[in-house]
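**Q**
Numbering (the working numbering), first residue to last: 7 to 228.
(1) Where does residue 208 sit, in a helix, a strand or coil, going by DSSP?
(2) For the beta strand (DSSP E) containing residue 124, name the first residue and the last one.
(3) Kindly indicate which three-state DSSP category residue 80 falls into: helix, strand or coil?
(4) Return the residue from the list 143, 44, 50 and 71 that minimises the CA-CA distance to residue 23.
(5) In three-state terms, what does DSSP make of residue 58?
(6) Mind checking who residue 227 pairs with in its DSSP beta bridge?
(7) For residue 115, name the three-state secondary structure that DSSP assigns.
(8) Would the beta-carbon of residue 193 fall within 8 Å of that of residue 203?
(9) What does the alpha-carbon distance come out to for the pair residue 113 and residue 220?
(10) For residue 158, list the residues DSSP reports as bridge partners.
(11) On a Cα-Cα basis, can you pick out the residue from 171, 196, 176 and 155 that is closest to residue 162?
(12) Just the Cα atoms here: how many angstroms apart are residue 53 and residue 79?
(13) Considering only the beta carbon of each residue, do residue 226 and residue 214 sit closer than 8 Å?
(14) From this set, 143, 168, 166 and 95, which residue's C-alpha is nearest residue 158's C-alpha?
(15) Quick one: Cα of residue 167 to Cα of residue 198, how far?
(16) Compare the Cα-Cα distances from residue 228 to each of 212, 42 and 72 and report the closest residue.
(17) Rounded to whole angstroms, what's the CA-CA distance from residue 40 to residue 200? Just pull it up for me.
(18) Buried or exposed: which applies to residue 93, given that a residue is buried once 16 or more other Cβ atoms fall within 10 Å of its Cβ?
(19) If you draw a straight line from the alpha carbon of residue 132 to that of residue 59, how long is it in whole angstroms?
(20) On the DSSP bridge list, what partners appear for residue 164?
(21) Report all residues from its chain with a CB closer than 8 Å to the CB of residue 224; omit the five preceding and five following residues, and keep chain order.
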């Protein structure tokens, strides 16, 4: 009779969202969190989140970090790591039992090259309230993505129409993924955990290619 192993380790690449903190002022932080989570609720829902403290590390103390963790977790964010300078953050990671990520860490670096993915084709408009997820696939939408709709893919997203909702490409960590659309008017775009909301996007109306360069999203308009 064989005995089942009590523990089995399986390596899996999970999508990790990185939230860059620009201020440790509580009122300012709450305003920024509210704006971000209102515009991008699906991006952070039940997803592991790393707080990027690179821009506020010199202001960090126990009171500020405790407040930051409390405010983010009370809003449903699953904070598991701090990102930024190692020497400054490792003691805090140990104190709060958190993981650490480098400032330029790319959780999915091993998947930066495009793997062999199939293509899922949607021929009808994606209407408000709909969500399409192309798992292990690129997504090709032959019509528009309406406001309030969401399209998600492990690979690229190409839209032969207007993008007015949300588009999240490379959600399993494919940093080379891209989003291409004929008319950019999106609420949110994201590639491998790096995102932009409407206020950070160019004015609507033009065709666009969106891609990730290091930890930033670039938008080329045509």
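We put the CB at the ideal spot given by N, CA and C, even for glycine.
**A** Per the coordinate set shown:
(1) One-based indexing of the chain shown puts residue 208 at position 202. Correct three-state label for residue 208: coil.
(2) Within the chain shown, the letter at position 118 stands for residue 124. 124-128 is the span of the beta strand (DSSP E), which, as asked, contains residue 124.
(3) Residue mapping note: residue 80 aligns to position 74 of the chain shown, counting from 1. Residue 80: helix per DSSP, three-state reduction.
(4) Within the chain shown, the letter at position 17 stands for residue 23. Selected option, being the one with the closest Cα: 50.
(5) Here residue 58 corresponds to residue number 52 of the chain shown, with the count starting at 1. Of the three classes helix, strand and coil, the one that applies to residue 58 here is strand, per DSSP.
(6) As a working note, residue 227 is residue 221 in the chain shown. Answer by DSSP bridge pairing, in chain order: 214.
(7) Along the chain shown, one-based indexing puts residue 115 at 109. Unreliable placement is indicated for residue 115, whose pLDDT of 43 sits below 50; the coordinate value is still reported in the next sentence. Helix, per DSSP.
(8) Indexing the chain shown from 1 puts residue 193 at position 187. Indexing the chain shown from 1 puts residue 203 at position 197. Yes, the pair counts as a contact, with Cβ atoms nearer than the cut-off.
(9) Walking along the chain shown from the start, residue 113 turns up at place 107. Walking along the chain shown from the start, residue 220 turns up at place 214. Only weak support is given to the placement of residue 113: the predicted model assigns it a pLDDT of 45, under 50, and the value that follows is read from those uncertain coordinates. Straight-line Cα distance between these residues: approximately 11 Å.
(10) Here residue 158 refers to the residue found at position 152 of the chain shown. Answer is 139 and 174.
(11) Here residue 162 corresponds to residue number 156 of the chain shown, with the count starting at 1. Comparing Cα positions, the closest option is 176.
(12) Counting from one through the chain shown, the residue named residue 53 turns up at place 47. Counting from one through the chain shown, the residue named residue 79 turns up at place 73. About 12 Å.
(13) Residue numbering aside, residue 226 sits at position 220 when the chain shown is read from its first letter. Residue numbering aside, residue 214 sits at position 208 when the chain shown is read from its first letter. Contact: yes.
(14) Residue 158 sits at position 152 when you count from the first residue of the chain shown. Answer by Cα proximity: 143.
(15) Working through the chain shown from its first residue, we reach residue 167 at position 161. Working through the chain shown from its first residue, we reach residue 198 at position 192. Cα-Cα distance, rounded: 23 Å.
(16) Here residue 228 refers to the residue found at position 222 of the chain shown. Residue 212 is the option with its Cα nearest to residue 228.
(17) As a first step, residue 40 is located in the chain shown; it is residue number 34 there, counting from the start. As a first step, residue 200 is located in the chain shown; it is residue number 194 there, counting from the start. When rounded, the distance between both Cα atoms is 18 Å.
(18) Here residue 93 refers to the residue found at position 87 of the chain shown. Its Cβ having fewer than 16 others within 10 Å, residue 93 is exposed.
(19) Position 126 of the chain shown, counted from the start, is the residue given in the question as residue 132. Position 53 of the chain shown, counted from the start, is the residue given in the question as residue 59. Rounded to the nearest angstrom, the two C-alpha atoms are 37 Å apart.
(20) As a position in the chain shown, residue 164 is number 158, starting the count at 1. According to DSSP, residue 164 bridges with 146 and 186.
(21) Position 218 of the chain shown, counting from 1, holds the residue named residue 224. Only 216, 217 and 218 meet the Cβ criterion.
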